[in-house]
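Student: Counting in this note's numbering, the final residue of the sequence shown is number 370, and the numbers go up one at a time with none missing.
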Amino acid sequence: MIELKDITKIYGSKAKATTALKDLNLTVEQGEIFGVIGHSGAGKSTLIRCINLLERPSSGEVWVGGRNLTSLGKRELQLQRRRIGMIFQHFNLLSSATVYDNIAFPLKLAGVDKAAVKSKVEELLKLVGLEAHSGKYPSQLSGGQKQRVGIARALANDPDVLLCDEATSALDPQTTDSILKLLLDINRKLGLTILLITHEMHVIQSICDRVAVIHAGGIVEQGPVAEVFLKPKHPVTKEFISREVAGSAPAQLQAQGTGTAGEGQAQGSPVYRLTCLGDHTYSTDLSEAVLRTGVQFAILQGTVSTIKEIPYSQLTVRFTGQPEAVELTVNRLRERHIDVEVIG
Ligand SMILES: Nc1ncnc2c1ncn2[C@@H]1O[C@H](COP(=O)(O)OP(=O)(O)OP(=O)(O)O)[C@@H](O)[C@H]1O
Ligand SMILES: [Mg+2]
Numbered sequence: 027m028i029e030l031k032d033i034t035k036i037y038g039s040k041a042k043a044t045t046a047l048k049d050l051n052l053t054v055e056q057g058e059i060f061g062v063i064g065h066s067g068a069g070k071s072t073l074i075r076c077i078n079l080l081e082r083p084s085s086g087e088v089w090v091g092g093r094n095l096t097s098l099g100k101r102e103l104q105l106q107r108r109r110i111g112m113i114f115q116h117f118n119l120l121s122s123a124t125v126y127d128n129i130a131f132p133l134k135l136a137g138v139d140k141a142a143v144k145s146k147v148e149e150l151l152k153l154v155g156l157e158a159h160s161g162k163y164p165s166q167l168s169g170g171q172k173q174r175v176g177i178a179r180a181l182a183n184d185p186d187v188l189l190c191d192e193a194t195s196a197l198d199p200q201t202t203d204s205i206l207k208l209l210l211d212i213n214r215k216l217g218l219t220i221l222l223i224t225h226e227m228h229v230i231q232s233i234c235d236r237v238a239v240i241h242a243g244g245i246v247e248q249g250p251v252a253e254v255f256l257k258p259k260h261p262v263t264k265e266f267i268s269r270e271v272a273g274s275a276p277a278q279l280q281a282q283g284t285g286t287a288g289e290g291q292a293q294g295s296p297v298y299r300l301t302c303l304g305d306h307t308y309s310t311d312l313s314e315a316v317l318r319t320g321v322q323f324a325i326l327q328g329t330v331s332t333i334k335e336i337p338y339s340q341l342t343v344r345f346t347g348q349p350e351a352v353e354l355t356v357n358r359l360r361e362r363h364i365d366v367e368v369i370g
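1. To test your reading of the DSSP string, which unbroken alpha helix (DSSP H) runs of 4 or more residues are found completely within the region 182-244?
2. Does the beta-carbon distance from residue 27 to residue 62 come in below 8 angstroms?
3. Measuring straight from C-alpha to C-alpha, what distance separates residue 233 and residue 204?
4. Cβ-heavy atom distance between residue 192 and ligand 2 below 7 angstroms?
5. Under 8 angstroms by Cβ, that's how I've got residue 118 and residue 176 pegged, so tell me the actual separation to the nearest angstrom.
6. Mind listing, in chain order, the residues whose beta carbon lies closer than 5 angstroms to a non-hydrogen atom of ligand 1?
7. According to DSSP, is residue 138 part of a helix, a strand, or is it coil?
8. According to the neighbour-count rule (16 or more other Cβ atoms, all chains shown, within 10 Å of its Cβ), is residue 261 buried or exposed?
9. Taking Cβ positions, are residue 239 and residue 247 nearer each other than 8 angstroms?
10. Any idea if residue 78 is buried or exposed, counting beta-carbon neighbours within 10 angstroms, 16 or more meaning buried?
11. Could you tell me which whole beta strand (DSSP E) segments of length 3 or greater appear in the region 37-62?
12. Give me the residue from 145, 206, 39 and 72 with the minimum Cα distance to residue 47.
13. Taking only the alpha-carbon atoms, compute the straight-line gap between residue 343 and residue 358 and give it to the nearest angstrom.
14. Quick check: what's the CA-CA separation for residue 306 versus residue 364?
15. Looking at residue 185 and residue 111, is the spacing between their C-beta atoms short of 8 angstroms?
16. Can you give the Cα-Cα distance for residue 356 and residue 267, rounded to whole angstroms?
17. What is the DSSP secondary structure of residue 346, counted as helix, strand or coil?
18. Helix, strand or coil: which one does DSSP assign to residue 263?
19. By the three-class DSSP mapping on this structure, what secondary structure does residue 131 have?
20. In terms of DSSP beta bridges, what is residue 367 paired with?
21. If you measure between the beta carbons of residue 86 and residue 52, is that distance less than 8 angstroms?
22. Assuming the contact rule is C-beta atoms closer than 8 angstroms, residue 150 and residue 157 should be a hit. Round their C-beta distance to whole Å, please.
23. First and last residue of the alpha helix (DSSP H) that includes residue 313?
24. Go ahead and label residue 338 buried or exposed: buried means 16 or more other beta carbons lie within 10 angstroms of its beta carbon, across all protein chains shown.
25. For residue 291, is the classification buried or exposed, using 16 other Cβ atoms within 10 angstroms of its Cβ as the cut-off for buried?
26. Where does residue 146 sit, in a helix, a strand or coil, going by DSSP?
27. Grouping DSSP H, G and I as helix and E and B as strand, with all else coil, what is residue 115?
28. Residue 151 by DSSP, collapsed to three states: which one?
29. Using a 10 Å radius around the Cβ and a threshold of 16 neighbouring Cβ atoms, would you call residue 301 buried or exposed?
30. Between 251, 370, 190 and 216, which has its C-alpha nearest residue 114's C-alpha?
31. If you run the structure through DSSP and keep just helix, strand and coil, what is residue 31?
32. Using a 10 Å radius around the Cβ and a threshold of 16 neighbouring Cβ atoms, would you call residue 199 buried or exposed?
33. Does DSSP put residue 86 in a helix, a strand or coil?
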C-alpha cells in the first residue's frame, strides 16, 4: 500500500548538507496501523513528509496505492494527494474559519457541490463526535477537539491512507487515549491504512499492528508490535521500552540483571524473565509450575498490560531451590507456552 524504496533525503548542500534519511526502505500493508518511533532528529517528520511529497526525496521512490508518486507530474500528483490525509501535532487548523468550514475546506478545493459538502461534513462531524461544535472557532476548542477537527478534515476526501505526525504529542494522557481510540475506530470502520510517527512507545503499544524504529535516518528494527516490544534487539529499541516498562526497576535488580549480583542471597539463584501473551496472562501457570517442586519464587519486577487490546505479562523472578527442581519448573513453564529467558 505504501512503499518507500531506497529513500535518501539530504537537506541543504555542500558544507551545510544534512542527511535526514539514508537508503530507507519501508512497506506498510493495506489496512494496518503502522507506527514509526524514534528520537528527536531521527528523521521521523522527514519520513512522513516524503510520503505525500511535502518533502521531495533526494533519491528513491515513493509508491502509494500502486502508483509511483515520485514519477507523477504536478496535476496528477495533486489528485493522488487527495488519497492521502494528514494530521499534525499542532493541528494546523484555519483559525478564522469555523469547525464546519475547516472540514469543508478540502471538499470545496476538490470542487464538491454545496449540498454534497454539507452532507459529508455532517457525516464527519458525527464520526469524530463534534456534532455540537460545528459553529465554533478553533480558539473555542480543547486540544483534543481540535485534533478531532484535524482528523475530520483529513478524512474529507475519503483517503486510503492517513499520515499522523506526532498527532497526540500536544495532548494530555487522557485526551491522547481518546484520540488513539478514535484512530483505531476509524481504521476498523473505514479500513483506512494509518502510518503514525511518535516518540512515545505507549502510542505504538495502544493501537499499532507493526512498528519500525528509526535512528539516524534509517530503520534499525521492525516487526509486529508484540515481537518488538517483548523481545527488542537494537539498543535504541531497548531504551524506548525500558523507559516504558522497566523505568522503575530498582538498582539492585539492574545489577542482578547484568549478572553482577553482589548479594549473598542471589548467589546461585538465577533470575528469569517470564513473558506471557494472550489468555495465559491471567492464568495460574506460575503457581502450578512450582507446585511440589520445593522451588520458591520472588517477583523482582513485573508488568501486566496490553498490546493493542491483547493482554501480556512480563515478570522478572528469582527462583530458589534445588537446580533440578528449578529446571523442572522452567520446563513446566515452557510447556505452558510461557517464554522463559535467563537474565542473570
Ligand atoms: N528543512 C530542513 N532543513 C535542514 N535540515 C532539516 C530540515 N528539516 C529537518 N532537518 C534535519 O533533518 C534531521 C531529521 O529531522 P526531522 O525533523 O525529520 O526529525 P524528527 O525525527 O521529526 O525530530 P522531532 O522528533 O524533533 O520532530 C535533523 O537533523 C534536522 O535538523
Ligand atoms: Mg518531527
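Even glycine gets a Cβ: it sits at the ideal position worked out from N, Cα and C.
Tutor: Answer, in terms of the structure:
1. Within the region 182-244, the complete alpha helix (DSSP H) runs of at least 4 residues are 199-216 and 227-233.
2. no
3. 11 angstroms
4. yes
5. Going by Cβ atoms, the distance from residue 118 to residue 176 rounds to 7 angstroms, so yes, they are a contact pair.
6. 37, 44, 46, 66, 67, 68, 69, 70, 71 and 72
7. coil
8. Exposed, by the Cβ-count rule.
9. yes
10. buried
11. 44-54
12. 72
13. About 15 angstroms.
14. Taking the Cα positions, residue 306 is about 8 angstroms away from residue 364.
15. yes
16. Distance between the alpha carbons of residue 356 and residue 267: 25 angstroms.
17. Collapsing the DSSP output to three states places residue 346 in a strand.
18. helix
19. Judged by DSSP in its simplified three-state form, residue 131 adopts helix.
20. 299
21. no
22. Rounded, the Cβ-Cβ distance is 10 angstroms, inconsistent with contact.
23. 311-316
24. buried
25. Low local confidence applies: a pLDDT of 46 at residue 291 is under 50, so the model's placement there is unreliable, and no value is given.
26. helix
27. coil
28. The three-state reading of DSSP puts residue 151 in helix, counting H, G and I together.
29. buried
30. The alpha carbon of residue 114 has as its nearest neighbour, out of 251, 370, 190 and 216, the alpha carbon of 190.
31. strand
32. exposed
33. strand
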